[in-house]
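First comes the structure, then the notes that go with it.
2 protein chains.
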Amino acid sequence: MRDVALAAGVSQATVSNAYTGSGRLSPGRREHVFAVARELGYPGPSGAGRSLRTGRSGAVGVMVTDALTFALEDAAAVELLRGIAAVGEAREVALTLLPFPVGVDEAAAVAASIRRGVVDGFLVWSMPDGHPAVEAAAARREPMVLIDGPRLDGVPLVGVDDEAAAREAGAAVLAGGPGGRRGVAAVASDSGPGRVAAGPGGGRRQVPGLSAGGRGQVAAGPAGEADGRQRVAVLVDRLSPDGHTGRVDAARLRAARDQVARERVAGFLAACDAAGAEATVIEAGGFSPRDFRAAASAALEINGVDAIFAATDAVALAALAELSERGVDVPGQVAVLGFDGTAEAARVGLSTVDQPLVEKGSHAMRMLLAAIEHEDPESLLLPTRLELRATT
Amino acid sequence: MRDVALAAGVSQATVSNAYTGSGRLSPGRREHVFAVARELGYPGPSGAGRSLRTGRSGAVGVMVTDALTFALEDAAAVELLRGIAAVGEAREVALTLLPFPVGVDEAAAVAASIRRGVVDGFLVWSMPDGHPAVEAAAARREPMVLIDGPRLDGVPLVGVDDEAAAREAGAAVLAGGPGGRRGVAAVASDSGPGRVAAGPGGGRRQVPGLSAGGRGQVAAGPAGEADGRQRVAVLVDRLSPDGHTGRVDAARLRAARDQVARERVAGFLAACDAAGAEATVIEAGGFSPRDFRAAASAALEINGVDAIFAATDAVALAALAELSERGVDVPGQVAVLGFDGTAEAARVGLSTVDQPLVEKGSHAMRMLLAAIEHEDPESLLLPTRLELRATT
DNA sequence: CTGAAAGCGCTTACAG
DNA sequence: CTGAAAGCGCTTACAG
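Chains C and V are the protein sequences, given in the same order. For the first sequence, this note's numbering gives the first residue as 348, with consecutive numbering after it. For the second sequence, this note's numbering gives the first residue as 348, with consecutive numbering after it.
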């Protein structure tokens, strides 16, 4: 910039003003500056210099789950990202997807990685409690907004009441469905190719009014089919990032570091408890479809299992694939319930708890931008809606 | 950092060395520095300062299509991003999704937006020729790798031969399918819930050996069903970013600024031409499912249309939804062919040209990182594979 | 409307 | 193993 100023016969301040377009420059001079810059091959002001000087980078750091690659396999994460991106685009803020060493628990290495990011604030989605990357971000003392988890004192959060939503959804399935709240099954969705997976039992449900009382109302039907399910497998992707796979006991659940997973499982268990159904919690231990399939497979080894409550749609969809491959009738033999309300769930007729994912992202992003402008955004709890479709 | 140095009784260089972990510091001193930093509330070295000093930011700028929000609705873009992210994660490089004013053609505003990014290089996917954001990025003279398009002299590119792949796929469909290359239809895919959309005509195809000769071999079947399709609607999301919607003439196609769209359409048309089938090109003019549905609807108004060749899976899936809603038999009355090979296409049994999207992303990212290290990566053409499934 | 000056926060080459 | 010094590229408050 100094060279351009020299060559153009103006001060460096004038070159800067030409680019920032502050209007503090006569058009003629401005054009002249640009012409000289072009001639010298000056690429325009460097972002690094401007960031250092202004204290603003125009980017926010985004951390999704603890492995970006897996997040991009999860439709729920992508929908959330879409909400974030929409606001970013409108406000011309870049989204910096931050990397950190995966599987490494060395706090120093993770912290260093987070520190490298040139960002004005952080958006954190669904990271485990105490994750070093979150702590490193918090230590930066830059604005931060949490989505779903972890919960951090004094840091605004956007979320839903996962525990209550899971509890109510579980209760509804165990009771045979609450009156009037179910979605329309076996009908083409608007955005997809219109294929709906209605199993043979897809149309059978109790008359709404009759099922309100809770469990014990077993519908007449072929072998094992019942709306009052008795043995539930609760499937969860991960409760804590320690590689555990398979059955989960009460102590492990209590100590779970994944806020959302913990709450949803707790909600499902409360529903089972209230309905007198037996529940087994099985943890996939990872986020790949293969992990999910293995967990579903383990669930089906439970003697007499007649319902699967999955902590996310992704897990539920993998369970459906496993059931389909084994020729198990859904929901005749096994009911399946998801959580998230992804587009894919609607497409295949998966019963689920719908949460406004795109809005979650856009709200969080707006809150973060407000915080960057030194406003003081408040935490926000969004509503959920139970969508009973063909799999329950 | 100066304050920490002062308080710790060391030089600023020593504080810096403590954080960069260069090992040029005795452990005792290092711990002491950290302790003082904690006490003073020093959040660690700022990324902006380090970026300015080292000339590296540790982030690469990513531009996908010309609206991030739409890109995140497209499974193909997300798969590509996953490839990029996997390499970024492994090499600890952040991905900065760059925003630019959408729908604004004011080059100066777009350029300013791109310049703000603190990045070490650019990854560009599927932007229109001459887009001001790409030109602004190129003007920065930082390393750049193009994915699919635009083509820029001297800038390495990762892509496939879209024209040839589309031509061969179109020819195969018009001829009734080449022997031995079709996928397995009506079988559960591995990763999805296993629902496959086999229309009533899903199983009918010519015996491979008989159909090799090309058109004119009309299979016996109900009304209008034929493997030698006669009237093809070629559906494309967008040829140029000017809002055009509906039929496309030769001049518009020739002038198309979206490299990939242009090539795929040209390939489909060449196939129709060779097979003596009549073809009409229809442009959706945007990237939303609604745009795609409208284009599909327009296609179905073509008298006697018996095949839809879509330039992307996303468009083909929207067409399938439209056909399903109208009760049109696929492929009995209308065959549908996509392009991209997304997971969703496999799930619903859509015939498509499969391209290695994840690898495309990971290759491009590796090439960019090599370019940043002053290596000189070469352009790369990846293979495609025709997947004939239930919709043709 | 334009310029001179200061300083944002760091890292590194060099010297000891 | 540690320190003194320089400078990365910019923008802005101030003066004229």
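Ideal Cβ positions, reconstructed from N, Cα and C, are used throughout, including at glycine.
- Name, in chain order, the residues that DSSP records as bridge partners for V:L582. Position 235 of the second sequence holds residue 582 of chain V. In DSSP, V:L582 forms a bridge with V:I629 and V:A657.
- Query: How would you write the range of the beta strand (DSSP E) that C:A682 sits in, first residue to last?
  - Reply: Residue numbering aside, residue 682 of chain C sits at position 335 when the first sequence is read from its first letter. Its beta strand (DSSP E) spans residues A682 to L684.
- Message: Just to confirm before moving on: does the CB-CB distance between C:R462 and V:G391 stay below 7 Å?
- Response: Sequence index remark: in the first sequence, residue 462 of chain C carries index 115 (1-based). Sequence index remark: in the second sequence, residue 391 of chain V carries index 44 (1-based). It is a contact, given that the beta carbons lie within the stated cut-off.
- Query: Closest Cβ-Cβ distance between V:R740 and chain C: below 7 Å?
  - Reply: Residue numbering for chain V in the displayed model covers 348 to 739; residue 740 of chain V lies beyond these limits and cannot be assessed.
- Task: Measure how close the beta-carbons of C:L697 and C:A519 come, nearest whole angstrom, since I'm counting them as under 8 Å.
- Result: Within the first sequence, numbered from 1, the residue matching residue 697 of chain C stands at position 350. Within the first sequence, numbered from 1, the residue matching residue 519 of chain C stands at position 172. Actually they are not in contact, since the Cβ atoms of C:L697 and C:A519 sit about 15 Å apart, beyond 8 Å.
- Message: According to DSSP, V:T443 sits in a beta bridge with which residue or residues?
- Response: Within the second sequence, the letter at position 96 stands for residue 443 of chain V. In DSSP, V:T443 forms a bridge with C:T443 and V:G408.
- Determine whether the Cβ of C:E378 lies closer than 7 Å to any Cβ atom of chain V. Reading the first sequence from its first residue, position 31 is the one you call residue 378 of chain C. For C:E378, the answer is no, since every Cβ of chain V falls outside 7 Å of its Cβ.
- Query: Should the region 463–476 of chain C be called in touch with the region 400–410 of chain C, which here means at least 3 C-beta pairs below 8 Å?
  - Reply: yes
- By Cβ distance, which residues of its chain are closer than 6 Å to C:Y389, with the 5 residues on each side in sequence left out? As a position in the first sequence, residue 389 of chain C is number 42, starting the count at 1. The answer, listed in chain order, is V351.
- In terms of residues, what are the limits of the alpha helix (DSSP H) holding C:F615? Here the question's residue 615 of chain C lines up with position 268 in the first sequence. From DSSP, the alpha helix (DSSP H) with C:F615 extends over Q606 to A622.
- Message: So for C:T361, helix, strand or coil by DSSP?
- Response: On the first sequence, position 14 is the one that residue 361 of chain C refers to. DSSP places C:T361 in helix when its eight states are reduced to three.
- Item | Where V:S398 sits in the DSSP three-state scheme | Locating residue 398 of chain V in the second sequence gives position 51, counting from the first residue. Residue state, collapsed to three classes: helix.
- So C:V505 and C:M714 are in contact, right, with Cβ under 8 Å, and what is the actual spacing, rounded? Looking up residue 505 of chain C in the first sequence gives position 158. Looking up residue 714 of chain C in the first sequence gives position 367. Right, the Cβ-Cβ distance comes to about 7 Å (below 8 Å), so this counts as a contact.
- What residue does the alpha helix (DSSP H) around C:F740 start on, and which one ends it? The question about residue 740 of chain C has no answer here: the residues shown for chain C are numbered 348 through 739.
- What residues from the region 425–443 of chain V come within 7 Å of chain C, judged by C-beta to C-beta, listed N to C? V425, L428, R429, A432, A433, G435, E436, E439, V440, A441, L442 and T443
- Query: Does any CB atom of chain V fall closer than 7 Å to the CB of C:V362?
  - Reply: Counting from one through the first sequence, the residue named residue 362 of chain C turns up at place 15. No - not a single Cβ of chain V is within 7 Å of the one on C:V362.
- Check the Cβ-Cβ distances between C:P390 and every residue of chain V, and say whether any is below 7 Å. Numbered from 1 along the first sequence, position 43 holds the residue referred to as residue 390 of chain C. Yes - at least one Cβ of chain V is within 7 Å of the one on C:P390.
- Item | Bounding residues of the beta strand (DSSP E) (the contiguous stretch that carries V:L728) | Within the second sequence, residue 728 of chain V is the residue found at index 381, counting from 1. Unbroken beta strand (DSSP E) run through V:L728: L727 to L729.
- Query: Is DSSP giving V:D596 helix, strand or coil here?
  - Reply: Translated into the one-based positions of the second sequence, residue 596 of chain V becomes position 249. Reduced to three states, the DSSP call for V:D596 is coil.
- Step through the CB atoms of chain V and report whether any lies within less than 7 Å of the CB of C:P501. What you label residue 501 of chain C is simply residue 154 of the first sequence in a count that begins at 1. Looking at the sequence itself, residue 501 of chain C is Gly, so the reference to Pro does not match. It does not; no Cβ of chain V falls within 7 Å.
- Message: Output needed for V:L444: all residues of its chain with C-beta closer than 6 Å, excluding positions within five of it in sequence on either side, in chain order.
- Response: In the second sequence, residue 444 of chain V corresponds to position 97, counting from 1. These residues qualify, in order along the chain: V409 and L415.
- Task: With C:G506 as the anchor, note down where its beta strand (DSSP E) starts and where it stops.
- Result: In the first sequence, residue 506 of chain C corresponds to position 159, counting from 1. Residues L504 to V507.
- Any contact of the region 601–611 of chain C with the region 473–489 of chain C, i.e. 3+ C-beta pairs under 8 Å? yes
- From the DSSP output, which residues share a beta bridge with V:T367? What you label residue 367 of chain V is simply residue 20 of the second sequence in a count that begins at 1. V:T367 is not bridged to any residue.
- Query: Can the beta-carbon of C:V579 be found closer than 7 Å to that of C:A654?
  - Reply: Within the first sequence, numbered from 1, the residue matching residue 579 of chain C stands at position 232. Within the first sequence, numbered from 1, the residue matching residue 654 of chain C stands at position 307. Contact: yes.
- Message: So V:P446 contacts chain C; which residues on that side make the cut at Cβ distance below 7 Å?
- Response: If you number the second sequence from 1, residue 446 of chain V lands on position 99. Those are G435, E436, E439, V440 and A441, listed as they occur along chain C.
- Between the CA atoms of C:A395 and V:A613 - distance to the nearest angstrom: Counting from one through the second sequence, the residue named residue 613 of chain V turns up at place 266. Counting from one through the first sequence, the residue named residue 395 of chain C turns up at place 48. Computed Cα separation, rounded: 43 Å.
- Task: Report the option in C:P503, C:V449 and C:P703 whose CA atom is closest to the CA atom of C:D413.
- Result: Here the question's residue 413 of chain C lines up with position 66 in the first sequence. The shortest Cα separation from C:D413 among C:P503, C:V449 and C:P703 belongs to C:V449.
- Task: State the DSSP-derived secondary structure class of V:L493, mapped to helix, strand or coil.
- Result: One-based indexing of the second sequence puts residue 493 of chain V at position 146. Of the three classes helix, strand and coil, the one that applies to V:L493 here is strand, per DSSP.
- Message: Can you check whether the C-beta of V:T659 is within less than 7 Å of a C-beta belonging to chain C?
- Response: Numbered from 1 along the second sequence, position 312 holds the residue referred to as residue 659 of chain V. V:T659 does not count as touching chain C.
- Message: Between V:A511 and V:D660, how many whole angstroms is the CB-CB distance? I'm expecting something under 8 Å.
- Response: For the purposes of this step, residue 511 of chain V is taken as residue 164 along the second sequence, with counting starting at 1. For the purposes of this step, residue 660 of chain V is taken as residue 313 along the second sequence, with counting starting at 1. Wrong, their Cβ atoms sit about 18 Å apart, outside the cutoff.
- Length of the line joining the Cα atoms of V:L442 and C:F417: The sequence position of residue 442 of chain V within the second sequence is 95, counting from 1. The sequence position of residue 417 of chain C within the first sequence is 70, counting from 1. Between V:L442 and C:F417, the C-alpha separation is close to 15 Å.
- Close Cβ partners of C:A567 (< 7 Å) along its chain, the five nearest in sequence each way excluded: Against the first sequence, residue 567 of chain C aligns to sequence position 220. Legend: pLDDT at C:A567 = 33, less than 50; position of this residue unreliable, no value from coordinates given.
- Item | Boundaries (first-last residue) of the beta strand (DSSP E) holding C:T699 | Here residue 699 of chain C corresponds to residue number 352 of the first sequence, with the count starting at 1. Its beta strand (DSSP E) spans residues T699 to D701.
- Task: Taking all protein chains shown into account, decide if C:E436 is buried (16 or more other Cβ within 10 angstroms of its Cβ) or exposed.
- Result: The residue given as residue 436 of chain C occupies position 89 in the first sequence. Answer is buried; the Cβ neighbour count reaches 16.
- Item | V:V383 to C:A454 span [Cα, whole Å] | Translated into the one-based positions of the second sequence, residue 383 of chain V becomes position 36. Translated into the one-based positions of the first sequence, residue 454 of chain C becomes position 107. The straight-line gap from Cα to Cα measures roughly 19 Å.
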